[in-house]
Amino acid sequence: MRVAILDDEPAELKRVEQTLRQIPNASEQPWTLHCFERGEDLLRQLRRETFDLLVLDWQLPDLSGLAILRWTREHLEAPPPAIMLTSRDAEADIVTALNSGADDYVSKPFRPNELKARVMAVLRRHGLNKAKASEVSVFNDLTFDDAELTVTRNGTPINPTEREYRLARCLFDNLARPLSREYLYERFWTHEEMVSSRPLDTHIYRLRNKLGLTADRGWQLLTIYGYGYRLESVTASNGEEEEKLA
19 MRVAILDDEP AELKRVEQTL RQIPNASEQP WTLHCFERGE DLLRQLRRET
69 FDLLVLDWQL PDLSGLAILR WTREHLEAPP PAIMLTSRDA EADIVTALNS
119 GADDYVSKPF RPNELKARVM AVLRRHGLNK AKASEVSVFN DLTFDDAELT
169 VTRNGTPINP TEREYRLARC LFDNLARPLS REYLYERFWT HEEMVSSRPL
219 DTHIYRLRNK LGLTADRGWQ LLTIYGYGYR LESVTASNGE EEEKLA
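Residue numbers (the working numbering): 19 to 264.
So, in structure tokens, the structure goes:
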């Protein structure tokens, strides 16, 4: 889970970060938390990176959390869920934020357990924290087995590496959603590995070939120049092989 937290008060920012860091249990992958004290800094990152959740303060000296929220709803193809966390607790403010696209509204000073519960509820509503009823998932003619980390096409094994498997599952779990290169690198590569030349591009090339992610099989793995990648079903595609992020 990749989360952006916006608050211009360092102590409050740290408190939110510490609270969210407690959510994953020991058996789960730790969340990656990115903290911002300026709205402009967060906006700059939103233009080129992917986040799974935004936690936004309203009042900042440069660009308000509400302005950030509205920008994501107007400009991002798949805006992340967002929670407003602010000292503004008037009914009119709550209504304004929710009507602007906020998924929830938490007043300061917040109670840590309540914030964690609200975060999990928002993620469940967006399908980002759903418990898997089965370890096997089927996408057209591809079958993914999460227990064995294997993929078959109509019963024929494909045998990806473990990293290729997890990268492919991430792409299929986020169908039609643009994923930034930074988002994918943080999830699947260590910092030391990222120093080597273009490991993500190499893995994307292999997945296209191994899994047959081509239009004749019902898929397009699009390159978004200057941003990252997006996997689409051909039926939902606009037919373009590549596109430029506006």
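Where a beta carbon is used, it is the ideal one built from N, C-alpha and C, also for glycine. All figures in this text were calculated on a predicted structure; none of them were measured in a lab.
Asked, Found
"Under the three-state DSSP convention, the category Gln77 falls into", "coil"
"Beta carbon of Met138 nearer than 9 angstroms to that of Ile41", "yes"
"Coarse secondary structure for Pro175, derived from DSSP in three states", "strand"
"Close-in-space but distant-in-sequence residues of the same chain around Ala186 (CB under 8 angstroms, 5 per side omitted)", "Phe162, Val169, Pro178, Leu225, Leu229"
"Exposed unless 16 or more other CB atoms sit within 10 angstroms - verdict on Gln238", "buried"
"Proximity winner among His209, Ala120, Pro127, relative to Pro97 (alpha-carbon distances)", "Ala120"
"C-alpha distance - Val156 paired with Asp164, whole-angstrom precision", "11 angstroms"
"Alpha carbon of Arg136 to alpha carbon of Val73, nearest angstrom", "11 angstroms"
"Neighbour flag for Ala96 against chain D, beta carbons, 9 angstroms", "Of the protein chains in the structure, only one exists, and it is not chain D."
"Three CB pairs or more closer than 8 angstroms across the segment 73–84 and the segment 23–39", "yes"
"Three-state class that DSSP yields for Arg66 in the structure shown", "coil"
"Run of the alpha helix (DSSP H) containing Asp219, from where it starts to where it stops", "217–229"
"Ala85 versus Met102 - alpha carbon distance", "11 angstroms"
"Integer Cβ distance of Arg66 from Ser198, believed to fall under 8 angstroms", "6 angstroms"
"Endpoints, beta strand (DSSP E) assigned at Ala22", "20–24"
"Which listed residue (Ala194, Asp70, Leu61, Leu167) has its alpha carbon closest to that of Glu182", "Leu167"
"Backbone secondary structure at Gln238 - three-state DSSP", "strand"
"Residue burial classification, Glu132 (beta-carbon count within 10 angstroms, cutoff 16)", "exposed"
"Trp49 beta carbon less than 9 angstroms from that of Arg56", "no"
"Entirely enclosed beta strand (DSSP E) segments - the segment 113–158, minimum 3 residues", "122–125, 154–157"
"Status (buried if at least 16 other CB within 10 Å, exposed otherwise) for Pro127", "exposed"
"N- and C-terminal bounds of the alpha helix (DSSP H) containing Arg248", "Where Arg248 is concerned, there is no enclosing alpha helix (DSSP H), although the beta strand (DSSP E) it sits in stretches over 246–251."
"Cutoff 8 angstroms; reference Leu231; Cβ partners in own chain excluding five residues on either side", "Leu225, Trp237, Gln238, Leu239, Leu249"
"Residue range of the unbroken alpha helix (DSSP H) whose run includes Ile86", "83–93"
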